[in-house]
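Numbering (my numbering), first residue to last: 1 to 140. Glycine included, C-beta positions come from ideal geometry on N, C-alpha and C.
Listed below in structure tokens is the structure:
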């Protein structure tokens, strides 16, 4: 917030800070992790909230690394930034449900993504299926 010249007293400080960062830089997007609240993807044209998937949080060690790895995997696989962020959020949700630094197994991630369609927490169908394709074809 400080880097964007925003104080916690400003209304909606996160949105204001993200807008200022996007306006004052050549950055096209900003992904902010919010722990139990999930993530927010700020793009020049849209802002999207991605709800947290963790059912029980035991240990957040390595959650940020998991986000970066899964986000990178999605982008390298041709998924959009939103699809990649969605995949990263699912992977991080699995990571924090375990104690200590951990790896996410392919089957866990695919099952989590598939289960989201029954809970109503999946993103638009295209993003949901691209995330499953990305996980299914690139993780092992």
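| request: Report the residue from 81, 106, 2 whose alpha carbon sits nearest the alpha carbon of residue 46. | output: 81
| Taking the alpha carbon of residue 113 as the point to measure from, which residue in 92, 103, 98 has its own alpha carbon closest? | 92
| said: Which of the three DSSP states is assigned to residue 48 in this structure? | reply: strand
| task | My understanding is that residue 44 touches residue 28, with C-beta atoms under 8 Å, so please give their C-beta distance in whole angstroms. | result | 6 Å
| query | Within 10 angstroms of its Cβ, does residue 99 collect 16 or more other Cβ (buried), or is it exposed? | reply | exposed
| message | Checking 7 Å against the spacing of the C-beta atoms, do residue 37 and residue 21 come in under that value? | response | no
| query | Of the residues 77, 89, 41, which one's Cα is nearest the Cα of residue 64? | reply | 89
| request: Let me know the secondary structure DSSP gives residue 80 once reduced to three states. | output: coil
| Identity of the residue in 84, 103, 107 nearest residue 39 by Cα | 84
| task | Use the C-beta contact count for residue 79: other C-beta atoms within 10 angstroms, 16 or more gives buried, fewer gives exposed. | result | buried
| message | Any beta carbon from chain C within less than 7 Å of residue 70's own beta carbon? | response | Considering every chain present, this structure includes no chain C. It has just one protein chain.
| field | Where residue 106 falls, given that 16 or more other Cβ within 10 Å makes a residue buried | value | exposed
| task | Could you work out which residue in 34, 51, 56, 73 is closest to residue 94 when comparing CA atoms only? | result | 56
| How many Å lie between residue 76 and residue 87 at the Cα? | 13 Å
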